[in-house]
Amino acid sequence: MRLDHLSYAAGPDGYQATVDRLSAALGAEFVDGGVHPRFGTVNHILPLEGDRYIEVVDVLDHPASDKAPFGQAVRARKEVGGGWLGWVVAVRDMQRMEQRLGRESVPGNRHRPDGVNLTWRQIGVKGLISDPQLPFFIHWDDLTQHPSNGGKGVKLTALEIAGDPARVTEWIGHPADHLLDDLDVAWVGPNGQPGLVAAVFQTPQGIVRL
Numbered sequence: 001m002r003l004d005h006l007s008y009a010a011g012p013d014g015y016q017a018t019v020d021r022l023s024a025a026l027g028a029e030f031v032d033g034g035v036h037p038r039f040g041t042v043n044h045i046l047p048l049e050g051d052r053y054i055e056v057v058d059v060l061d062h063p064a065s066d067k068a069p070f071g072q073a074v075r076a077r078k079e080v081g082g083g084w085l086g087w088v089v090a091v092r093d094m095q096r097m098e099q100r101l102g103r104e105s106v107p108g109n110r111h112r113p114d115g116v117n118l119t120w121r122q123i124g125v126k127g128l129i130s131d132p133q134l135p136f137f138i139h140w141d142d143l144t145q146h147p148s149n150g151g152k153g154v155k156l157t158a159l160e161i162a163g164d165p166a167r168v169t170e171w172i173g174h175p176a177d178h179l180l181d182d183l184d185v186a187w188v189g190p191n192g193q194p195g196l197v198a199a200v201f202q203t204p205q206g207i208v209r210l
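Here full-length UniProt numbering is used: the first residue of the sequence shown is 1, the next is one more, and so on.
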């Protein structure tokens, strides 16, 4: 179990403008990740050092974005101004996580512009919707195609999460601080609006907080 990636929802300036703004801030270009047909969403990704990545996501004008929990989550975040949607934890044993949460995971895929159909299973987005401090979980079918491949020059170093580490530990079944022990994690505003507040990166342009 490890931190896999961070999701950032497009803001009112639009999807491409959000991608361009984050690319400029981090001094690295996001690449077109393709469409998630099951979720009615689209993404651009930035591979990071340490087998992680960031994705910028937006909803499409498609029925799937209204039906799929991930599409609903992206739309809801976009409607309040965009920004950090949440953090995602990779698990090796999805069946065990299904048993923990008492529900089945759902398949996901996206068709990359290079023709690769990337596939995975995910679970827990409804938890994120109800309590945005909580991560959701992903299991990649083929790690050789992981979106972090080729990541260099930009490294995630810290997170600020508004919430309660005890609540997150209860959700994931693993001490939250241990899961993120290679990062500086600040748990802030436990009585305020929960969620991922900020991420800090080491970049060619120096330390950047988004």
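For each residue, glycine too, the CB sits at the ideal point set by N, CA and C. Quick caveat, the model's predicted, so the values are computed rather than measured.
Item, Value
"Three-state class that DSSP yields for His-174 in the structure shown", "coil"
"Which listed residue (Val-91, Ser-65, Tyr-15, Arg-77) has its alpha carbon closest to that of Phe-137", "Val-91"
"Cβ shell of His-174 (< 8 Å), same chain only, five flanking positions each side left out", "Met-1"
"Three or more C-beta pairs below 8 Å linking the region 12-27 and the region 120-127", "no"
"Stretch-stretch touch, CB-based, cutoff 8 Å, three pairs: the region 189-203 with the region 155-163", "yes"
"For Asp-177 and Val-168, the rounded distance between their alpha carbons", "9 Å"
"Stretch-stretch touch, CB-based, cutoff 8 Å, three pairs: the region 92-105 with the region 27-36", "no"
"Contacts around residue 213, its chain only, beta-carbon distance under 7 Å, and the 5 residues preceding and following it disregarded", "Any question about residue 213 goes unanswered here, given that the chain covers just 1 to 210."
"Residue nearest to Met-97 in terms of C-alpha spacing, selected from Gly-71, Asp-114, Val-125, Leu-22", "Val-125"
"Paired residues, beta bridge with Tyr-15 - DSSP", "None; Tyr-15 has no bridge partner."
"Sequence-distant residues of the same chain with beta carbon closer than 8 Å to Leu-179, five excluded per side", "Met-1, Arg-2, Leu-3, Val-89, Ile-172"
"Residue span of the beta strand (DSSP E) that contains Leu-118, given as start and end", "117-123"
"Terminal residues of the alpha helix (DSSP H) in which Gln-193 lies", "Premise fails: Gln-193 is in no alpha helix (DSSP H) and is neither H nor E."
"Exposure of Leu-6, with buried meaning 16 or more beta-carbon neighbours within 10 Å", "buried"
"Residue of Ala-10, Asp-184, Gln-205 minimising C-alpha distance to Ile-45", "Ala-10"
"Residue range of the alpha helix (DSSP H) that includes Arg-96", "94-101"
"Where the alpha helix (DSSP H) containing Asp-66 begins and where it ends", "63-67"
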